[in-house]
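A.B. asks: The numbering of the sequence shown is my numbering, which starts it at 162 and goes up by one.
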Amino acid sequence: MRPAARLAAAIEILDAWLRGDGPADRLVAAWGATHRFAGSKDRSAIADRVYAALPAQGECGLAHGGRDGPGARARHARPG
């Protein structure tokens with residue numbers, strides 16, 4: 162995979178995480194299972210980007226006045 166494709170995959174996973182589709186580790190694993198063409202180095206690089214973005218995403222939310230960061234809405238949303 163080219164670097165741009167790796168970045169696009171990481172963005173896809175982070176978008177799913179922000180929607181509240183599940184924990185990041187499960188989303189990364191699910192992406193790898195459904196994209197069998199990606200080699201182990203590609204999956205590792207994508208996971209590294211996703212996990213590097215998670216702490217930064219929380220810091221951005223706190224810096225802009227959020228209590229738990231922007232992802233808190235998805236994590237703490239009430240069903241129904």
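Even glycine gets a Cβ: it sits at the ideal position worked out from N, Cα and C.
1. For a minimum of 3 consecutive residues, which ranges assigned as the beta strand (DSSP E) are wholly contained in the region 184-221?
2. Just to confirm, are ALA199 and GLY193 a CB contact at a threshold of 8 angstroms?
3. How about LEU189 and ALA206: do their beta carbons lie closer than 8 angstroms?
4. Can you grab the Cα-Cα spacing for the pair ALA214 / ARG204, in whole Å?
5. What is the rounded straight-line gap between the Cα of ILE174 and the Cα of VAL211?
6. How long is the line joining the alpha carbons of ARG167 and ARG197, rounded to whole angstroms?
7. Taking DSSP as the reference, what is the three-state secondary structure of ASP144?
C.D. replies: In terms of the structure at hand:
1. none
2. yes
3. The question names Leu, yet the displayed sequence has Val at residue 189. No, the Cβ-Cβ distance between VAL189 and ALA206 is not below 8 angstroms.
4. 15 angstroms
5. Their Cα atoms are separated by approximately 7 angstroms.
6. 14 angstroms
7. Outside the modelled stretch of the chain, which goes from 162 to 241, sits residue 144, for which no answer is possible.
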